[in-house]
Each structure stands twice: as C-alpha cells, then as structure tokens.
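Student: Handing you this structure, nothing more for now.
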C-alpha cells in the first residue's frame with residue numbers, strides 16, 4: 001500500500017495522528033525535501049529507507065514506490081501541507097492506477113490554515129469576506145485564462161497567494177489592476193509554524209519592499225484583504241437575538257462586545 005500523507009505546514013507536531021502512525025510503520029518514505037520539515041523523519045523506524053524527492057523526477061519517484069509496494073512494503077509519499085493544494089499528487093496517482101497499485105490519501109493541515117493561526121485572524125468575517133481564494137502568480141508555470149491574480153482580485157474576497165514571494169512587485173501590480181487599492185491590508189507569512197516563522201504586516205502596495213526589508217523571497221504565503229482589519233459584523237450564530245435549529249433567540253441576554261484596544 002502507498003499512502004500519500006499531508007505532513008502539515010511545518011511543525012513536526014502538526015501532522016495528523018494517522019499520518020504520524022503511518023510514518024512510524026513505513027518501510028519506504030519519499031518526502032518533499034524542499035518543503036517538508038526533516039524533523040518529521042524522526043518518526044520513521046531505523047531501517048526505513050528515506051528518499052528526498054527534491055532530487056527526483058516523477059518517473060524516478062514511481063520507479064521507487066511501485067516495486068516496494070508490489071513487494072508488500074508500506075510506502076509513504078510525504079507531501080508538505082495537504083497533498084490536494086499544489087501537491088502534484090494527481091499525476092502520481094494516475095500512474096499508480098496504471099500499475100494496479102493500491103494507494104490512499106491522508107489529508108494534512110495546509111499552510112494557509114497555519115498562516116491564519118500565525119496572524120490570529122479569521123479569513124471569513126461577516127460583511128467583510130465569505131470566500132477564500134487560494135491561488136498563485138503566473139510564472140514559468142502558466143495559469144488558465146480567467147484565473148489570473150487580477151481576475152480574482154476583482155472579487156475583493158480574502159486571498160491567500162502561494163508560490164509567489166519572489167514576484168511581489170508584479171503581484172502588487174496585478175492586485176491593484178484587479179481592483180484592490182494600494183493601501184489594502186496585506187501580510188507576508190514566512191514559514192508558518194516553523195521555529196523561524198515570521199509575520200510581516202504591510203499593504204498591497206508595499207509587499208515587495210516589506211519582503212525585501214526582512215530578506216523574504218521564498219517559503220512565504222501572501223495574504224490580502226480586509227479580514228486583516230478591525231471592522232466586521234458580529235456572527236449571527238451566537239447572537240442572542242438570532243434563532244437557529246439548536247437555540248431559540250433570547251434577546252434578554254447581555255450583548256457583549258469586545259473592549260476597544
């Protein structure tokens with residue numbers, strides 16, 4: 001059996017319980033060495049064969065996994081974050097199907113979730129943003145038409161931008177082209193959940209200079225939107241004046257409001 005496991009955003013204790021248990025049992029672990037925290041490999045047993053996919057092609061990864069699985073070994077393909085977000089695991093799965101090799105996917109905590117935790121923020125705020133757009137800048141790898149940064153910026157939803165920290169001047173230009181004002185709140189989250197994580201608050205217009213100030217040019221997420229501000233409506237879910245399927249409205253309850261900072 002081959003398991004595609006989401007390693008989580010970085011911290012070794014943010015892998016799922018199931019992911020950790022499989023790492024402890026596996027005979028072969030192929031991990032994304034450019035992004036996965038090597039501390040996660042400490043969970044592997046001493047005789048586990050460990051390979052770094054950063055130095056491998058797709059064909060080499062498949063050539064290592066398939067014979068091991070066919071020999072009855074437990075194989076782990078360890079991806080950063082969650083495999084479904086920029087994990088490039090679909091192409092691996094399709095090849096494994098052609099070999100009739102069994103596989104399963106174990107989800108993980110994506111770095112965009114860890115970034116929100118670092119920011120102590122909520123991406124979806126009433127009357128601010130009810131949608132989160134996960135995307136990336138167009139670079140050497142193209143993006144489809146109508147899915148470019150400016151296209152998504154027109155929605156003014158929360159944006160989390162992957163794989164783009166080396167193109168921030170162009171990113172700012174595209175965000176403004178799409179409709180964001182230059183003073184729209186933004187934040188750069190470098191290596192969320194790692195020991196050397198860093199959060200840099202800035203604006204859409206100052207992304208490039210803010211990153212340059214702290215020497216950030218890779219391994220960072222860019223977050224954009226008014227969710228980083230302080231103005232939003234209260235959620236109706238816990239509003240004493242709101243009835244839903246589990247609670248009747250009780251307007252006599254005190255309507256608490258957070259103290260001003």
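In my numbering, the protein residues as written are 1 to 261.
From the three backbone atoms N, C-alpha and C, an ideal C-beta is built for every residue, glycine too.
Remember, it's a predicted structure, so these values are computed and weren't measured experimentally.
1. In terms of residue numbering, what span does the alpha helix (DSSP H) encompassing residue 65 cover?
2. Suppose you measure from the CA of residue 206 to the CA of residue 32; what does that come to, to the nearest Å?
3. Run the CB neighbour count on residue 247, radius 10 Å, all protein chains shown included, and call it buried at 16 or more, exposed below.
4. Secondary structure at residue 129, three-state DSSP: helix, strand or coil?
5. By DSSP, does residue 205 sit in helix, in strand, or in coil?
6. Assign residue 243 to one of two classes, buried (16 or more other C-beta atoms within 10 Å of its C-beta) or exposed (fewer than that).
7. May I have a chain-ordered list of the beta strand (DSSP E) segments no shorter than 3 residues that lie completely inside the segment 78-149?
8. From the DSSP output, in three-state form, read off residue 185 for me.
9. Quick check on this structure: which residue in 87, 96, 49 and 48 has the alpha carbon closest to the alpha carbon of residue 63?
10. Going by CA-CA distance only, name the one from 75, 172 and 74 that's closest to residue 138.
11. If you run the structure through DSSP and keep just helix, strand and coil, what is residue 176?
12. What are the residues that DSSP puts in a beta bridge with residue 230?
13. Please list the terminal residues of the continuous beta strand (DSSP E) segment that includes residue 221.
14. So for residue 19, helix, strand or coil by DSSP?
Tutor: Short version:
1. One-based indexing of the chain shown puts residue 65 at position 65. First-last of the alpha helix (DSSP H) with residue 65: 58-70.
2. For this step, residue 206 is matched to residue 206 along the chain shown. For this step, residue 32 is matched to residue 32 along the chain shown. Roughly 32 Å between the two C-alpha positions.
3. Walking along the chain shown from the start, residue 247 turns up at place 247. Under this definition residue 247 is an exposed residue.
4. Reading the chain shown from its first residue, position 129 is the one you call residue 129. DSSP places residue 129 in strand when its eight states are reduced to three.
5. What you label residue 205 is simply residue 205 of the chain shown in a count that begins at 1. Residue 205 falls in the helix class under three-state DSSP.
6. Mapped onto the chain shown, residue 243 falls at position 243. With fewer than 16 Cβ atoms within 10 Å of its Cβ, residue 243 is classed as exposed.
7. 103-106 and 132-136
8. Within the chain shown, numbered from 1, the residue matching residue 185 stands at position 185. Reduced to three states, the DSSP call for residue 185 is strand.
9. The residue given as residue 63 occupies position 63 in the chain shown. It is 96.
10. One-based indexing of the chain shown puts residue 138 at position 138. Residue 138 has its Cα closest to that of 172, out of 75, 172 and 74.
11. Taking the first residue of the chain shown as 1, we reach residue 176 at position 176. Residue state, collapsed to three classes: helix.
12. As a position in the chain shown, residue 230 is number 230, starting the count at 1. Paired residue(s): none; residue 230 is not in a bridge.
13. As a working mapping, residue 221 is identified with position 221 in the chain shown. It spans 220-224 - the beta strand (DSSP E) in which residue 221 sits, taken as one unbroken run.
14. Numbered from its first residue, the chain shown carries residue 19 at position 19. Residue state, collapsed to three classes: helix.
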